[in-house]
Amino acid sequence: MVLTVHHLQVSQSERVVFLCEELGIEYELKNYQRSPLLAPPEYKALHAVGSAPVIEDGEVKLAESAACIEYINAVYGGNKLAVKPGEPGYADYLYWFHFANGSLQPGISRQMAISFTGASDENPILKAFADRMGKIFQFLDDQLAKTGAWIIGDRFTAADCMIMFSLSTMRSFIQVDLSPYKNVLAYMERVSKREGYVRAMKKGDPELDVSAIIAGPSPPLFGPLRK
2 MVLTVHHLQV
12 SQSERVVFLC
22 EELGIEYELK
32 NYQRSPLLAP
42 PEYKALHAVG
52 SAPVIEDGEV
62 KLAESAACIE
72 YINAVYGGNK
82 LAVKPGEPGY
92 ADYLYWFHFA
102 NGSLQPGISR
112 QMAISFTGAS
122 DENPILKAFA
132 DRMGKIFQFL
142 DDQLAKTGAW
152 IIGDRFTAAD
162 CMIMFSLSTM
172 RSFIQVDLSP
182 YKNVLAYMER
192 VSKREGYVRA
202 MKKGDPELDV
212 SAIIAGPSPP
222 LFGPLRK
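Residues in the sequence shown are numbered from 2 upward in steps of one, following the numbering used here.
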């Protein structure tokens, strides 16, 4: 059986496609278009929660991007893109791998959810979330100033696969200006030039303008969200 990756257009499943391309493994990619904003019925039917990503490997069916990435990296990649216990940087790897969906992604998603209600920029809850995200982005920028190349140093890991989506493609759903964070911008530029990332975006989201989603100013919103 070949590993199957069910990829929803412009979604967190991008992370899984990116990882597979970085590992250079054999897999079957099935692409799904949003309908028009949310996942189509056939994608929601793949898993009880109805969200992306979803992978299938024989009798295994798995959701949640972090779980999918850990599974594929371990089963198909020999944990090549993970830092193992006892290796230098293990704690940093754990932290930044989980930072993506523990702090970065939820923070942006909360802002997005409130903005969808039509709340103004002066809404106190929205302002509070914006302030928190400013601290998170600055924290990330400071980390990248120290490490230089990738999120934990000179070694590219699955943590980078997790973080890149939240900084780039996720901004297709809410306007987030990253112009003040020069190290973050340089990091996205480096990631965007990796062969694995280039292949992943061409296969999974060929219509997405990568140059726009890695720029400092907010990229254009995803089609149905444009006013």
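Each residue gets a CB set at the ideal place from its N, CA and C atoms; glycine is no exception.
Euclidean distance between Cα positions of residue i and residue j
i	j	result
residue 6	residue 136	34 angstroms
residue 27	residue 140	36 angstroms
residue 17	residue 69	7 angstroms
residue 49	residue 106	22 angstroms
residue 91	residue 85	6 angstroms
residue 78	residue 23	10 angstroms
residue 144	residue 161	13 angstroms
residue 123	residue 37	29 angstroms
residue 133	residue 112	10 angstroms
residue 169	residue 220	9 angstroms
residue 74	residue 178	32 angstroms
Beta-carbon separation (whole angstroms), residue i vs residue j, contact threshold 8 angstroms
i	j	result
residue 159	residue 83	6 angstroms
residue 130	residue 185	Incorrect: roughly 18 angstroms between the Cβ atoms, too far for contact.
residue 127	residue 116	7 angstroms
residue 247	residue 205	An answer regarding residue 247 cannot be provided, because it is not within the stretch 2 to 228 covered by the chain.
residue 192	residue 165	5 angstroms
Segment limits, alpha helix (DSSP H) that includes residue i
i	result
residue 81	Here residue 81 belongs to no alpha helix (DSSP H), and DSSP marks it neither H nor E.
residue 99	91–100
Environment of residue i [buried if 16+ CB atoms lie within 10 Å]
i	result
residue 80	exposed
residue 207	exposed
residue 42	exposed
residue 39	exposed
residue 197	buried
Residue of the options minimising C-alpha distance to residue i
i	options	result
residue 195	2, 9 and 25	25
residue 119	142, 226, 199 and 168	226
residue 174	29, 19, 35 and 30	35
residue 15	185, 67, 216 and 97	67
residue 215	180, 95, 111 and 73	180
Beta strand (DSSP E) segment containing residue i, residue limits
i	result
residue 148	From DSSP, residue 148 is part of no beta strand (DSSP E) but of the alpha helix (DSSP H) over 125–148.
residue 182	Unbroken run through residue 182: none, as it is neither H nor E.
residue 33	29–33
residue 11	Run containing residue 11: none; DSSP gives neither H nor E here.
Residue i beta carbon near the ligand PLP (any heavy atom closer than 7 angstroms)
i	result
residue 21	What this structure holds is no ligand at all, so the ligand PLP is not there to describe.
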